[in-house]
Every structure is written in structure tokens, then in C-alpha cells.
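The sequence shown begins at 0 in numbering that gives the first Met the number 0 and counts up one residue at a time.
As C-alpha cells, the structure follows; a few thoughts come after it.
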Amino acid sequence: MKELFTIGHSVHTMERFMAMLKEHNIDTLCDVRSSPYSRFTPQFNRESLKEDLAKHRILYLYLGAELGPRSTDPDCYENGKVQYRRLAEKDIFQMGLSRLRKGMVTYRIALLCAEKDPLTCHRMILICRNLRGEDILIRHILEDGSLEDNRDTEQRLMKLLKIDPADLF
0 MKELFTIGHS VHTMERFMAM LKEHNIDTLC DVRSSPYSRF TPQFNRESLK EDLAKHRILY
60 LYLGAELGPR STDPDCYENG KVQYRRLAEK DIFQMGLSRL RKGMVTYRIA LLCAEKDPLT
120 CHRMILICRN LRGEDILIRH ILEDGSLEDN RDTEQRLMKL LKIDPADLF
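So, in C-alpha cells, the structure goes:
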């Protein structure tokens, strides 16, 4: 079974962030932010991050164009809001998922975005949703460094939204 991790950089120091990646033996970080820059956490700007990761022998791959939450395609929007279902149907998104699947054969990958909680991030709601059901164990590295299985994250989401899992099917 393949494994995939996700992590949000939040407001971590670079030292803490690297420690969490090392703790879970991540060797490749796939940046899925549409815009890999932050005024508030400049240590996670694309160039700085790539440099720091290299010092720790962690590969950096930018996949924000393929798997980011914003699209340049106007068909992906309705009333100015991105529609994840439409985004997921696009060839570029499917190509990004394909690259992940291939990469998981060789590398221990974590998807990177900004949000600390996967419930509030497209890495879970868009990307992981479109990988679930495959032979992939998806786990989220939480703010405290612990792991949460994606199925447990989905249960948290349903509880938060007051949805009975029995009502879904």
C-alpha cells in the first residue's frame, strides 16, 4: 500500500517544521499552494523553503499549478467561487494526481499547504478526496506533529457538519 502525508506550515518555525518532516521520514515535499508565498511566514516562501529543505536532504516539488485550489480556467468558478468538483475534472488536476501516484512508488511524500488543520484546506477536501478509495494510506501531520488518518479526518468533518455517515449513501 502506498502512503501519502499532508502538512500545513501554519506559523511554525522552520526548525519545528523540519523536525516534523524528519519525524515522519518525509523525503519529498510537494507544495500544492496556488501561490507559494506568504507575507506572514516568509520562511515558507518557495525559494527559501526549497533551500532549507535541500539542507535537510528533502526534495521540493511545486505542484500548485496542477493541484492548487485556484485555477486560471474560468469554467472552474461559479459566482466568483472556485468549484472543487469542476477543478477535479480538469486534465491538469488529473495530471497532478498522476504525478503523485507515480511519486509515491519511490518517495515518501507530504503535500504542503498553509492551513494547520486539514479540515480547512484543499489538500484534504480536494486532493485527498480524489485519491480516497485507492490503495493509498493518507495521513495528515497535525499541528502538534501527531498523525491523523484521513478516514478520521473525514469523521471529524462529518461531526462538525452534523452529518450522519449513514445518510451519505
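Quick reminder that beta carbons are idealized off the backbone N, C-alpha and C, glycines included.
- [ ] Return the CA-CA distance between residue 72 and residue 94, expressed in angstroms with no decimal places.
- [x] 16 angstroms
Task: Local conformation of residue 102 per DSSP, three classes - done: helix
TODO: Using the Cα positions of residue 4 and residue 10, report the straight-line distance between them to the nearest angstrom.
DONE: 19 angstroms
Task: Rounded straight-line distance, which links the Cα of residue 159 to that of residue 83 - done: 20 angstroms
- [ ] Taking 8 angstroms as the threshold, find out whether the segment 73 to 80 comes into contact with the segment 34 to 45 through three or more Cβ pairs.
- [x] no
Open item on the list: To the nearest angstrom, how far is the alpha carbon of residue 12 from that of residue 62?
Closed with: 23 angstroms
Open item on the list: Check whether the segment 50 to 60 and the segment 129 to 139 touch, using three or more Cβ-Cβ pairs below 8 angstroms as the test.
Closed with: no
Task: residue 111 versus residue 7 - alpha carbon distance - done: 6 angstroms
TODO: Measure the Cβ-Cβ separation of residue 127 and residue 149 and say whether it is below 9 angstroms.
DONE: yes
- [ ] Have a look at the DSSP bridge pairing and note the partners of residue 3.
- [x] 137
TODO: Would you kindly report the start and end of the unbroken beta strand (DSSP E) that includes residue 148?
DONE: 146 to 148
Open item on the list: Let's test the definition: count the other Cβ atoms within 10 Å of the Cβ of residue 122 and tell me whether it reaches 16, buried, or not, exposed.
Closed with: buried
Open item on the list: On a Cα-Cα basis, can you pick out the residue from 59, 0, 100 that is closest to residue 129?
Closed with: 100
TODO: With a cut-off of 8 angstroms on the beta carbons, I'd call residue 118 and residue 155 a contact; round off their distance for me.
DONE: 6 angstroms
TODO: Taking only the alpha-carbon atoms, compute the straight-line gap between residue 97 and residue 0 and give it to the nearest angstrom.
DONE: 16 angstroms
Open item on the list: Quick check on DSSP: helix, strand or coil for residue 127?
Closed with: helix
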